[in-house]
Ligand SMILES: Cc1cc2nc3c(=O)[nH]c(=O)nc-3n(C[C@H](O)[C@H](O)[C@H](O)COP(=O)(O)OP(=O)(O)OC[C@H]3O[C@@H](n4cnc5c(N)ncnc54)[C@H](O)[C@@H]3O)c2cc1C
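Right under this line is the structure:
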């Protein structure tokens, strides 16, 4: 048994007995064919909970080729599943191409982001996995399988939570490269946000609201505008543009000075070459239908005095609906209410049920890769197509090789006795 280490944030120490950093697809197949007991794929470890863990073996495909290549008419690329978004973005830009969006940080792997429904912000921008057009994966028997977007089950493969196999290659829809301006605005009145929420989030291609809940106004509005589109951002006249010394730390954040730059240096919040986010932290995020955004935000504001002492920052984003089975914005245009917490684990554990209680009337869903307090009943209520996903995972992996305690506790996989093979 070797020490597999922790998640990026240190909020979970892996219990898996070994980590295999595969160098090729046949090597991944060989691992599964050797009947190794429980196996899970591990990405870049940026999830905050135990979702990636296994009672047995973790397999990383971060080093597995192939290098990206452009397919067919140039509107699709094929990538090794372990490539980090930041590396992919640089390669795409060199080829005059772009993705529809990025998450806040470019350090995560494409397969890891797909598997948890990772998203950025944008009224018209769905989660990152929405760009996926085909997936190749190694199944529980070690066979290499391919599934394409015209398969009726494809929605179950997108936010797959690592539950059906080790994804080795992904094809993504791409578009011509574009340029973006990013500006930071200070002090948006809460009343303006409540009454004109749609105008605020439509003021850019991608809009993020950063605040503490007890602040007299929403502290900061980060607006990313594509240079080839026009926007009515008159609602932001009620704010003022940030002075240089008010902007987020310019060494780790992408430029917020209104200058135009390539999409890959504006759509993510963080630069690839720097340490992202705030460091010692825990993250949680909840999704509600965007039609109910104002009421949900008001409900969380009611807990401001409890939340703020433990909060580093909240970020509110919008995510366009998608057709995945387990995506956080599946079937409904959504708002994500995110919390970056200080590393006070007991306080955060105590707060999450309180937040989930006030958000319960809004049919709230949690981020699969961040801290939450959901149980199987509430997950089932939040995801009407969970039974379909569960039977897909069972069909592909009848003995539960890719299952783990987290998925079983949430009712995504049935409880399994350990699959055959040494642990
Ligand atoms: C600083 C920071 C900022 C973040 N910002 C955002 C954000 O803006 N938006 C957002 O939605 N989330 C955000 N997250 C969360 C993060 O994007 C997700 O948790 C994402 O899943 C992490 O990807 P990863 O490669 O680290 O995967 P891991 O955390 O290593 O794994 C996540 C899941 O993916 C599965 N998986 C990984 N690789 C494969 C594979 N090859 N085949 C099959 N399954 C696989 C694992 O089994 C596991 O279930 C942030 C996290 C951090 C630390």
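Numbering (UniProt numbering), first residue to last: 1 to 423.
Note that beta-carbon positions come from the ideal geometry of N, C-alpha and C, so glycine has one too.
Here the structure is a predicted model, which is why all the values come from computation and not from measurement.
Item: Inter-residue CB distance, residue 69 and residue 59 (contact presumed, cutoff 8 Å); Value: Their Cβ separation, rounded to whole angstroms, is 24 Å, which puts residue 69 and residue 59 out of contact at 8 Å.
Item: Own chain residues within Cβ distance below 8 Å of residue 93, not counting five before or after; Value: 177, 262, 263 and 264
Item: Environment of residue 328 [buried if 16+ CB atoms lie within 10 Å]; Value: buried
Item: Per-residue DSSP class, three states only, for residue 287; Value: strand
Item: Sheet register partners of residue 224 (DSSP bridge); Value: 182 and 206
Item: Residue burial classification, residue 102 (beta-carbon count within 10 angstroms, cutoff 16); Value: buried
Item: Any non-hydrogen atom of ligand 1 within 8 Å of residue 137 CB; Value: yes
Item: Ordered list of beta strand (DSSP E) runs contained in the stretch 28–83, each at least 3 residues; Value: 39–42, 57–60, 69–71 and 76–80
Item: DSSP state of residue 241 mapped onto helix, strand, coil; Value: strand
Item: Residue environment, residue 407, which counts as buried when at least 16 other CB atoms sit within 10 Å; Value: buried
Item: Sub-9 Å separation of residue 143 and residue 29 beta-carbons; Value: yes
Item: Residue 366 burial status per 10 Å Cβ neighbour count (16 or more: buried); Value: buried
Item: Where residue 412 falls: helix, strand or coil (DSSP); Value: coil
Item: Proximity of residue 85 and residue 61 at Cβ, strictly below 9 Å; Value: no
Item: DSSP-derived helix/strand/coil call for residue 150; Value: coil
Item: 8 Å contact criterion, which residue 128 and residue 113 should meet: CB distance rounded; Value: 5 Å
Item: Proximity winner among 82, 125 and 291, relative to residue 267 (alpha-carbon distances); Value: 125
Item: Bridge partners - residue 175, DSSP secondary structure assignment; Value: 98
Item: Residue(s) in a DSSP beta bridge with residue 399; Value: Paired residue(s): none; residue 399 is not in a bridge.
Item: Contact check, residue 325 vs residue 132, beta carbons under 9 Å; Value: no
Item: Whole-angstrom distance between residue 335 and residue 202, CA atom to CA atom; Value: 13 Å
Item: Coil, strand or helix - residue 20 by DSSP; Value: strand
Item: beta-carbon residue 134 near ligand 1 non-hydrogen atom, thresh 8 Å; Value: no
Item: Residue 99 versus residue 179: straight-line alpha-carbon distance, rounded; Value: 12 Å
Item: CB contact flag (residue 186, residue 223, <9 Å); Value: no
Item: Closer than 8 Å: residue 179 CB and nearest ligand 1 heavy atom; Value: no
Item: First through last residue of the beta strand (DSSP E) which encompasses residue 198; Value: Careful: residue 198 lies outside any beta strand (DSSP E), inside the alpha helix (DSSP H) at 197–201.
Item: Contact belief for residue 401 with residue 39 at Cβ below 8 Å, rounded distance in angstroms; Value: 5 Å
Item: Ordered list of alpha helix (DSSP H) runs contained in the stretch 324–400, each at least 4 residues; Value: 345–359, 376–382 and 386–396
Item: Beta-carbon spacing of residue 218, residue 184 below 9 Å; Value: no
Item: Check: residue 48 C-beta below 8 Å from any heavy atom of ligand 1; Value: yes
Item: The stretch 295–310 / the stretch 356–373 touching (three or more Cβ pairs under 8 Å); Value: yes
Item: Ligand 1 heavy atom lying under 8 Å from the CB of residue 367; Value: yes
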